[in-house]
Amino acid sequence: EPEVTQTPSHQVTQMGQEVILRCVPISNHLYFYWYRQILGQKVEFLVSFYNNEISEKSEIFDDQFSVERPDGSNFTLKIRSTKLEDSAMYFCASSTGSGAGQYFGPGTRLTVT
Amino acid sequence: KNQVEQSPQSLIILEGKNCTLQCNYTVSPFSNLRWYKQDTGRGPVSLTIMTFSENTKSNGRYTATLDADTKQSSLHITASQLSDSASYICVVSAEERGSYIPTFGRGTSLIVHP
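Protein chains in written order, with this note's numbering: chain X, -13 to 99; chain A, -10 to 103.
If you want it as C-alpha cells, here you go:
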C-alpha cells in the first residue's frame, strides 16, 4: 500500500539554525499538508499546498516558515531561524482531493536546543 | 472561533468490551468530520470521513455517527482489541472558498487491558 514518507525521523538543531523537513507524498496525490504536534498537545494545521502554491495557512505559519515542491516527488517545510518553541513532531500529509481523506506520514521529531 | 471538544479525555476498558467516544464541535461552515487513530509516536491514520448528509459510517469494528443539527459525533468501537490502544482524534473541517481548514480535537486516549 502506498504511503507518505518523511525524513529525517528525528532532527536536532540549535536555536537560530535553519532546518528543512522532507516529505514524499503518495505519488498520485495532488494536495499536500504540513501539521505539527507539540508534545502532549493536539495536532495543529500549518499549511496546505496545491498546484505549486499555498492554498491555506494557519496563524502559526508565519514568515519563518516556507514550503516548496522542488521536484515531482518531494515536499519540504523550511524553518528559517528555529526557536525553542518550534520543538514538535511535524507531520506531512497528502490527499487526492481537498476534501478527501488525508494520509499522514510517520512524522519528523524536531528538537531545538 | 472553530473548536472541537472530545470526551472523555482518557478511557480504560477490558479487551472485548465496547466503547463510545464523543466529539462536539463548533465549526462553520461545516464540510466534513473525520476520525483518526494515532498510535504513540506515529502519524494519524484515517478511520472514517463523514459529510453533512451522512449519519453513520462504518469501518470494520469502528462505527462513526454524525448529528449535524446538534454538532455531535461519536465513534463506537466494538469488541475491543489490545491493538485498539491509541489516541482517537476527531477532526472537523470548514470549507472556505474551496479550501478546507481542519480543526483538531485533543483526542481521547484509549487503553485496552487484557
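Glycine included, C-beta positions come from ideal geometry on N, C-alpha and C.
Here the structure is a predicted model, which means the values were calculated and not measured.
Output needed for residue i: all residues of its chain with C-beta closer than 7 angstroms, excluding positions within five of it in sequence on either side, in chain order.
i: Gln3/X; result: Thr68
i: Val(-2)/X; result: Thr97, Thr99
i: Asn21/A; result: Ile38, Met39, Thr40, Ser82
i: Ala57/A; result: Phe19, Phe41
i: Gly58/X; result: none
Just mark residue i as buried or exposed, buried being the case when its beta carbon has 16 or more other beta carbons within 10 Å.
i: Glu45/X; result: exposed
i: Lys26/A; result: buried
i: Gln23/X; result: buried
i: Met1/X; result: exposed
i: Ile100/A; result: exposed
Give every residue of the same chain whose Cβ lies closer than 6 angstroms to the Cβ of residue i, excluding the five residues on either side of it in the sequence, and list them in chain order.
i: Thr9/A; result: Ser63, His65
i: Gln61/A; result: Asn13
i: Leu3/A; result: His102
i: Thr45/A; result: Thr54
If I'm right that residue i touches residue j with Cβ under 8 angstroms, what's the distance once you round it to whole angstroms?
i: Ala68/A; j: Arg50/A; result: 6 angstroms
i: Ser80/X; j: Tyr17/X; result: 6 angstroms
i: Thr97/A; j: Val80/A; result: Between Val80/A and Thr97/A the Cβ distance is about 13 angstroms, and since that is not below 8 angstroms, they are no contact.
i: Val10/X; j: Val33/X; result: 17 angstroms between Cβ atoms; not a contact.
i: Pro92/X; j: Arg31/A; result: 6 angstroms
i: Val(-10)/X; j: Phe90/X; result: 6 angstroms
i: Ile6/X; j: Pro(-12)/X; result: In fact, because the Cβ distance is near 23 angstroms, the residues do not count as touching under 8 angstroms.
Between residue i and the rest of its own chain, which residues show a CB-CB distance below 8 angstroms, the 5 nearest in sequence each way excluded?
i: Gly87/X; result: Ser81
(request) Determine, using beta-carbon pairs with one atom in the segment -10 to -2 of chain A and one in the segment 37 to 53 of chain A, whether at least three such pairs fall under 8 angstroms. (result) A contact is defined here as three or more CB-CB pairs under 8 angstroms, and the segment -10 to -2 of chain A fails this definition with respect to the segment 37 to 53 of chain A.
(message) What are the residues in the segment 88 to 101 of chain A lying within 7 angstroms of chain X by C-beta distance?
(response) Flagged, chain order: Ser88, Tyr89, Ile90, Pro91, Phe93, Gly94, Arg95, Gly96.
(message) Closer than 7 angstroms between beta carbons: that is the criterion. Which residues of the segment 38 to 69 of chain A meet it against chain X?
(response) Those would be Ile38, in chain order.
(request) Please name the residues in the segment 25 to 38 of chain X whose beta-carbon is closer than 8 angstroms to at least one beta-carbon of chain A, in chain order. (result) For the segment 25 to 38 of chain X, the set of positions with a beta-carbon nearer than 8 angstroms to some beta-carbon of chain A reads Gln27, Lys28, Val29, Glu30, Phe31, Ser34 in chain order.
(message) Beta carbons nearer than 9 angstroms to chain A: which residues of the segment 84 to 97 of chain X have them?
(response) Under the 9 angstroms Cβ criterion, the segment 84 to 97 of chain X contributes Ser84, Gly85, Ala86, Gly87, Gln88, Tyr89, Phe90, Gly91, Pro92, Gly93, Arg95.
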